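A short write-up of the structure that comes next.
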Amino acid sequence: MKNIELINASAGSGKTFNLTRIIVEALKSGIKPEELMATTFTNKAADELRERIRVELLKNKQVEEAGHIYDGFIGTVNSICARLLREYALDAGLSPAIDVMPENDGDRIFNIAIDSAIVGYARSMEASARRLALDGRGTRFSKNDWR
């Protein structure tokens, strides 16, 4: 995996400055904007990075590259992954009409999936549960219902 650079540093240490410099140099060397991938943790940082790159490119009279900077993969990890899934959805056997699940829906959807899986296996597990007295049917261990 050549041409990969990891910048890991604390807040205010110059990550955006360094990443901007690296990307502008890559574009000067012939890399196309749509061939770039840079990830950040926040939308604000991604917006700032794109804007700084665009400004530097305009200062360097790289107007065409500046106009195409939004064609690159510059964003949060989530936004880049979502974009890749949308662009290659059919190749991955997925619907291109995907969306990010709201954070507060995660537990509810997980519980629905688990319930569905347990119901799907319930009949095949009943005989074993009965033999182990984990079926909750009139045994002294009725509180130990496996479900």
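For the sequence shown, my numbering gives the first residue as 684, with consecutive numbering after it. Every residue, glycine too, gets a C-beta built ideally from N, C-alpha and C. All figures in this text were calculated on a predicted structure; none of them were measured in a lab.
Please classify residue i as buried or exposed, where buried requires at least 16 neighbouring CB atoms within 10 angstroms.
i    : result
R806 : exposed
G755 : buried
T699 : buried
E739 : buried
L629 : Only positions 684 to 830 of the chain appear in the structure, and residue 629 is not among them; the question remains open.
I801 : exposed
I795 : exposed
I797 : exposed
Assuming contact is defined by CB atoms lying nearer than 8 Å, are residue i and residue j in contact in what I supplied?
i    : j    : result
I757 : A729 : yes
E836 : I705 : The structure shown does not extend to residue 836, since the chain is modelled only from 684 to 830, so the question has no answer here.
L741 : T703 : no
V707 : N761 : no
A772 : I781 : yes
N876 : I690 : Residue 876 lies beyond the residue range present for the chain, which begins at 684 and ends at 830; the question has no answer from this structure.
N726 : T759 : yes
R737 : A721 : no
Just to confirm the assignment, what range does the alpha helix (DSSP H) spanning residue i have?
i    : result
M808 : 789–814
A729 : 726–742
G701 : Note that residue 701 corresponds to Asn in the displayed sequence, not to Gly. 698–711 is the extent of the alpha helix (DSSP H) around N701.
A749 : 746–750
For residue i, report the span of its beta strand (DSSP E) as first-last.
i    : result
F756 : 756–759
A721 : 720–723
If I measure Cβ to Cβ from residue i and keep anything under 8 Å in the same chain, skipping five residues before and after, which residues do I get?
i    : result
M784 : I792
R766 : F756, G758
Looking at the ligand SAM, does it come within less than 7 Å of residue i, judged from the CB to the closest heavy atom?
i    : result
N743 : For the structure depicted, the ligand SAM is absent and the ligand set is empty, with no information on it obtainable.
Who are the near neighbours of residue i in its chain, counting only those whose CB is closer than 7 Å to its CB and skipping five residues on each side?
i    : result
R735 : T699, T703
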